[in-house]
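Numbering (the working numbering), first residue to last: 7 to 83. For each residue, glycine too, the CB sits at the ideal point set by N, CA and C. Report on the following structure.
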């Protein structure tokens, strides 16, 4: 079982979460003042998007991505 966060990430623990919420609240208020609204995009993308954009032999594809197979053994986001 892995006990460390993936490289380049860290957990947001309760004692720190309030700081993020404060900054996010300020940014939301400022964005709303100028007419911007929130957009939430998926955390996962289809592998093909990166293969087409950067190529199958780049570090992004070979070292920094995970490709999951769906129930039919087809690549999934």
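For residue 75, the three-state secondary structure derived from DSSP is strand. Residues of the same chain with a CB within less than 8 Å of the CB of residue 18, apart from the 5 flanking positions on each side, are 26 in chain order.
Judged by their CB atoms, residue 37 and residue 46 are not nearer to each other than the 9 Å cut-off.
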